[in-house]
Amino acid sequence: MKIGMLMLRHAPAHRSSVTRDVIRLLTEWDAQVDVIYPEEQLVTLSHVRPEYDLYVLKSRTDMALGLAGALHAAGAAMLNPYPVSALLRDRITTTRHLQAADIPTPETYVTAHPERLTPLLDEGPIAVKPHRGSGARGVHVVWDADELDDIPTNQGPILAQRLVERAGHARKIYCVGGQLFGVRKVWPARTHEEKVGEAFTITPKLRDIALRCGRAFGIDVYGLDIIGTDENPFVVDVQSFPNFKGVPDAALRLADYIYHACQRVVNGLPVLPGPEKEVRS
Amino acid sequence: MRAVVFGPGQIGCGFAGQLLHDSGYEIVFVARNPVIVNHLNRLGHYRVRLTGRGGVRDMTVDGIRAILSSEPRKVAEEVARADVVTTSVGCNNLLAIAPLVAEGLSRRVSPVNVFAFENLGNADSCLKNFVAGSLGDDPAAARHGFSGALVSRIVARRTGDPAQDEPLVFVGDTPSTFIVDGRTLRDPIPQITGMKVTDNYTAWLQRKLFTFSAGHATAAYLGYLKGYHYVHAAVRDPEIRQAVMDAMLEGQKGLAACYGPEIAGNENDLTEIMSRFENAALNDSLERVGRDPLRKLGHEDRLVGPALLARQAGIRPEKLALAVAAAMFFCNRADPSANQLLGQIRAVGPAQALSDVSGLDPQRTIAQIVISAWCRLSEGWQQGNPLLNLEHFFWA
Chain A
8 MKIGMLMLRH
18 APAHRSSVTR
28 DVIRLLTEWD
38 AQVDVIYPEE
48 QLVTLSHVRP
58 EYDLYVLKSR
68 TDMALGLAGA
78 LHAAGAAMLN
88 PYPVSALLRD
98 RITTTRHLQA
108 ADIPTPETYV
118 TAHPERLTPL
128 LDEGPIAVKP
138 HRGSGARGVH
148 VVWDADELDD
158 IPTNQGPILA
168 QRLVERAGHA
178 RKIYCVGGQL
188 FGVRKVWPAR
198 THEEKVGEAF
208 TITPKLRDIA
218 LRCGRAFGID
228 VYGLDIIGTD
238 ENPFVVDVQS
248 FPNFKGVPDA
258 ALRLADYIYH
268 ACQRVVNGLP
278 VLPGPEKEVR
288 S
Chain U
188 MRAVVFGPGQ
198 IGCGFAGQLL
208 HDSGYEIVFV
218 ARNPVIVNHL
228 NRLGHYRVRL
238 TGRGGVRDMT
248 VDGIRAILSS
258 EPRKVAEEVA
268 RADVVTTSVG
278 CNNLLAIAPL
288 VAEGLSRRVS
298 PVNVFAFENL
308 GNADSCLKNF
318 VAGSLGDDPA
328 AARHGFSGAL
338 VSRIVARRTG
348 DPAQDEPLVF
358 VGDTPSTFIV
368 DGRTLRDPIP
378 QITGMKVTDN
388 YTAWLQRKLF
398 TFSAGHATAA
408 YLGYLKGYHY
418 VHAAVRDPEI
428 RQAVMDAMLE
438 GQKGLAACYG
448 PEIAGNENDL
458 TEIMSRFENA
468 ALNDSLERVG
478 RDPLRKLGHE
488 DRLVGPALLA
498 RQAGIRPEKL
508 ALAVAAAMFF
518 CNRADPSANQ
528 LLGQIRAVGP
538 AQALSDVSGL
548 DPQRTIAQIV
558 ISAWCRLSEG
568 WQQGNPLLNL
578 EHFFWA
């Protein structure tokens, strides 16, 4: 069983301990796990061939996505497929996909010029986001037209969403192989404890939304950012293979799932199992 | 020497066949599936891969033949000439093969021993009764030995595609002994590598069921609730690991009170069992280990049986009861037994379903512990959501 992890090299102190533990567990279970740092390679594109039973695309850099795309074209099996990972880097496409799947999102606008957002402010504040990326980086909450001057204009189109109250915390839902885990975090998180957050039980409504997100993109290892209330939730971001901070036993669960997915590939089955029928207890 | 093995599955090939081959027997497998029969006859061999702390050992079992169970005359001829007959067909299929065994035995002059490598406490008497039933007035069954065979090895899977002419490979761990019931054997007793004859078969059967099998099932049902796929992953979860160890300890204490320390074993034995559960090379899936919960929740089987024995010894079997409750949430849609159990729970409620399946009186302490755990688990349960915490029963 050979697994290639496409990762971005971090200083040792910054490397996600979840990923480190996943690799340790898989290795203990006799899987050969090699970490591949795309930024440190000179890739001869015509020579790119799948060398592992399964690839895991952890890094979301341009170089990692480029290499993942080349591997995808060469028929590599990838836990989080390249086309979806690439799509999810683009907030415009992601949001439109969510809307097309009837998944609730805040009212969303796209423009190349921040000043065009001015009329929206008459109805309240907006969150302005660069079209590429995820998480809080580059996100501005804008209350007044003056603040639009601070929005960078050299990073392509921008996306604006009607600000929905977060009630002091952000909620994330992580999915590992169809299993959902809710984590509540202070937003913006500063300390380690705040970043880890605390588990919460997912309501049936959130569960339905989260599973439909996975089906909409054809992935089953992902994270969602949820805002709003239990009764009126909105999805504002989807990440392929996020950090899973705050998920109990995250490394063990991920290692078990990756091992299972790789076993499926080795046995000639697709990475993702077919849809399951629900059984009621 | 000739051996007839009914059922070329994981135990038939991955355990019985290998030991018989090592002991110098020429083996004839009896199978239902013509693809497997043709494949074994064409290749004449298969492989057994044993994995453990010492690494991986591959063995070839060659010189084998196979015949179809739909050819009763051929099967009877082979049984009539055999020096030993074994079955590993699953206890639900014993009735189906009994006429084949019976026809072969009725043709014999000399006695032969039939070993049932089935995961069933009374497999020997079941098979003997089925065979006797097939024979009618012929008392042939009484001339032959019938014994269960307690298998020590986990044979978790088979690889190799017969349609592609790939050799079948049976992957298991290294233990290579089995125990048979000396009181029911007939001379000549076959000489088979790893065979141990005991006059205390029931005690050894319970030792296996109430420690190893109890731990295996506990890992499977709790692991499934917490969303894992494999035994080796489930027992890395600290809560499950502790629960598995505690469940085995509850079983062991019951055994000690009933049979004494020699049969019960000690904590080192449980640690050794745990290390076998950690063996990732087996790829032992929780769905495989947990399958057929209706049978595994039987009155004398691996969870309720040790719980009853522990209770007799004054032990409150909390973790065995928790495993029983977890088994009642085993929602593997591919498992008809699991679906039937869930249907029963829906239809008559958990207490009555438990009583029907396990024969546990709802008023008894064990049933009350199980139902209490079931009720706590059912709060917050949603299909597909994993359990996060065994102490507070907190669901994702």
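Protein sequence lines correspond, in order, to chains A and U. All residue numbers for the first sequence refer to the working numbering, where the first residue is 8 and numbers rise by one. All residue numbers for the second sequence refer to the working numbering, where the first residue is 188 and numbers rise by one. Idealized CB from N, CA, C, for every residue including glycine.
Mind listing, in chain order, the continuous beta strand (DSSP E) runs of no fewer than 3 residues lying wholly within the stretch 375–430 of chain U? 382–385
Three or more C-beta pairs under 8 Å: does that hold for the stretch 406–419 of chain U against the stretch 377–393 of chain U? no
Is F188(A) near V254(A), with beta carbons less than 8 Å apart? By one-based count along the first sequence, residue 188(A) stands at place 181. By one-based count along the first sequence, residue 254(A) stands at place 247. Yes, the Cβ-Cβ distance between F188(A) and V254(A) is below 8 Å.
Under a Cβ-count criterion, where at least 16 other Cβ atoms within 10 Å of its own Cβ denotes burial, should W150(A) be classed as buried or exposed? Start at 1 with the first residue of the first sequence, and residue 150(A) comes out as number 143. Burial call: exposed.
Name the chain U residues that come within less than 8 Å of Y266(A), Cβ to Cβ? Residue 266(A) sits at position 259 when you count from the first residue of the first sequence. Result: H416, Y417, A420, A467.
Based on the DSSP output, what are the partners of V367(U) in its beta bridges? Start at 1 with the first residue of the second sequence, and residue 367(U) comes out as number 180. V367(U) is bridged to A336(U), V384(U).
Alpha carbon of S288(A) to alpha carbon of F580(U), nearest angstrom: Numbered from 1 along the first sequence, position 281 holds the residue referred to as residue 288(A). Numbered from 1 along the second sequence, position 393 holds the residue referred to as residue 580(U). A caution first: S288(A) carries a pLDDT of 34, below 50, which makes its placement in the model too unreliable to give a value.
Could you give the DSSP three-state label for V254(A): helix, strand or coil? In the first sequence, residue 254(A) corresponds to position 247, counting from 1. In this structure, V254(A) counts as coil in the three-state DSSP scheme.
Could I get the ranges of all uninterrupted beta strand (DSSP E) runs contained in the stretch 469–503 of chain U, with 3 residues as the minimum, in chain order? none
I want to see whether chain U comes within less than 8 Å of T100(A), judged by CB atoms only; does it? Residue numbering aside, residue 100(A) sits at position 93 when the first sequence is read from its first letter. Not closer than 8 Å to any Cβ of chain U, the Cβ of T100(A) fails to qualify, so no.
Using a Cβ cut-off of 8 Å (strictly closer), state whether R222(A) contacts chain U. Numbered from its first residue, the first sequence carries residue 222(A) at position 215. Residue-level contact check: R222(A) does not touch chain U, since none of the beta carbons of chain U fall below 8 Å from its beta carbon.
According to DSSP, is L49(A) part of a helix, a strand, or is it coil? Locating residue 49(A) in the first sequence gives position 42, where the first residue counts as 1. The answer is coil: DSSP assigns L49(A) none of H, G, I, E or B.
Taking P277(A) as the reference, which of P121(A), F251(A), I226(A) has the closest Cα? The residue labelled residue 277(A) in the question sits at position 270 within the first sequence. Nearest C-alpha to P277(A): I226(A).
Against chain A, with Cβ distances strictly below 8 Å, would G567(U) count as a contact? For this step, residue 567(U) is matched to residue 380 along the second sequence. Yes, contact with chain A.
Among G145(A), L95(A), T118(A), the one whose alpha carbon lies nearest that of Y229(A): In the first sequence, residue 229(A) corresponds to position 222, counting from 1. Looking at the Cα atoms, L95(A) is the closest of the given residues.
Assuming I450(U) is part of the beta strand (DSSP E), what are its boundary residues? Start at 1 with the first residue of the second sequence, and residue 450(U) comes out as number 263. Bounds of any beta strand (DSSP E) do not take in I450(U); it lies within the alpha helix (DSSP H) bounded by 448–451.
Between which two residues does the alpha helix (DSSP H) containing G76(A) stretch? To locate residue 76(A), count along the first sequence from 1; it is residue 69. Counting along the chain, the alpha helix (DSSP H) containing G76(A) begins and ends at 69–80.
Does the separation of the CB atoms of R236(U) and D249(U) fall below 8 Å? Along the second sequence, one-based indexing puts residue 236(U) at 49. Along the second sequence, one-based indexing puts residue 249(U) at 62. No; because the gap between Cβ atoms is not below 8 Å, this pair is not in contact.
is_contact[E285(A), chain U] using C-beta, thresh 8 Å: Here residue 285(A) corresponds to residue number 278 of the first sequence, with the count starting at 1. Because E285(A) carries a pLDDT of 39, less than 50, the predicted location of this residue cannot be relied on, and no value is offered for it.
Would P326(U) count as contacting chain A if we go by Cβ distances under 8 Å? In the second sequence, the residue the question calls residue 326(U) occupies position 139. No, no contact with chain A.
State the start and end residues of the unbroken alpha helix (DSSP H) segment that holds I226(A). Here the question's residue 226(A) lines up with position 219 in the first sequence. Note, I226(A): premise wrong, no alpha helix (DSSP H); not H, not E.
When you check each C-beta in the stretch 242–258 of chain A against every C-beta of chain U, which residues fall closer than 9 Å? Listed by position, the residues of the stretch 242–258 of chain A near chain U (Cβ gap below 9 Å) are V254, P255, D256.
Out of K483(U), R482(U), A430(U), point me to the one whose CA is closest to M461(U)'s CA. Position 274 of the second sequence, counted from the start, is the residue given in the question as residue 461(U). Among K483(U), R482(U), A430(U), the Cα nearest to that of M461(U) is on A430(U).
According to DSSP, simplified to helix, strand and coil, what is R27(A)? Position 20 of the first sequence, counting from 1, holds the residue named residue 27(A). Looking at R27(A) - three-state DSSP - the assignment turns out to be helix.
When DSSP labels each residue in this structure, what does V299(U) get in the three-state scheme? To locate residue 299(U), count along the second sequence from 1; it is residue 112. Note: V299(U) maps to coil in three-state DSSP.
For E285(A), count neighbouring C-beta atoms within 10 Å of its own C-beta (all shown protein chains included) and say buried if the count is 16 or more, exposed if not. Position 278 of the first sequence holds residue 285(A). Bear in mind that the predicted position of E285(A) carries a pLDDT of just 39, short of 50, making it too unreliable to give a figure here.
From L72(A) to E205(A), what does the alpha carbon distance come to, in whole angstroms? Here residue 72(A) refers to the residue found at position 65 of the first sequence. Here residue 205(A) refers to the residue found at position 198 of the first sequence. Rounded to the nearest whole angstrom, the CA to CA distance from L72(A) to E205(A) is 31 Å.
For C269(A), which of helix, strand or coil comes out of DSSP? Taking the first sequence and counting its residues from 1, one reaches residue 269(A) at position 262. In this structure, C269(A) counts as helix in the three-state DSSP scheme.
Can at least three beta-carbon pairs, one atom from the stretch 199–208 of chain U and one from the stretch 417–434 of chain U, be found at a separation below 8 Å? Using a Cβ-Cβ distance cut-off of 8 Å, the stretch 199–208 of chain U and the stretch 417–434 of chain U are not in contact, since fewer than three pairs of beta carbons, one from each stretch, lie closer than that value.
P326(U), buried or exposed, once every other Cβ within 10 Å from all chains shown has been counted against 16: Taking the second sequence and counting its residues from 1, the one referred to as residue 326(U) is at position 139. So P326(U) counts as exposed.
Residue-chain proximity (N572(U), chain B), Cβ-Cβ < 8 Å: Chain labels in this structure do not include chain B; the protein chains are A and U.
To which residues of the same chain is A513(U) closer than 6 Å at the C-beta, ignoring the five residues directly before and after it? Residue 513(U) sits at position 326 when you count from the first residue of the second sequence. Cβ neighbours of A513(U) beyond the five flanking positions: Y408, L409, L412.
Would you mind sorting S257(U) into buried or exposed? The rule is 16 or more other CB atoms within 10 Å of its CB. The residue you call residue 257(U) lines up with position 70 of the second sequence. Classification of S257(U): exposed, given that the 10 Å Cβ count is below 16.
Using 8 Å as the threshold, is the C-beta distance between M435(U) and T398(U) below it? Counted from its first residue, the second sequence places residue 435(U) at position 248. Counted from its first residue, the second sequence places residue 398(U) at position 211. Yes.
Go ahead and label N453(U) buried or exposed: buried means 16 or more other beta carbons lie within 10 angstroms of its beta carbon, across all protein chains shown. On the second sequence, position 266 is the one that residue 453(U) refers to. Classification of N453(U): exposed, given that the 10 Å Cβ count is below 16.
Measuring CB to CB, does A257(A) end up less than 8 Å from A108(A)? Sequence index remark: in the first sequence, residue 257(A) carries index 250 (1-based). Sequence index remark: in the first sequence, residue 108(A) carries index 101 (1-based). The answer is no: Cβ separation not under 8 Å.
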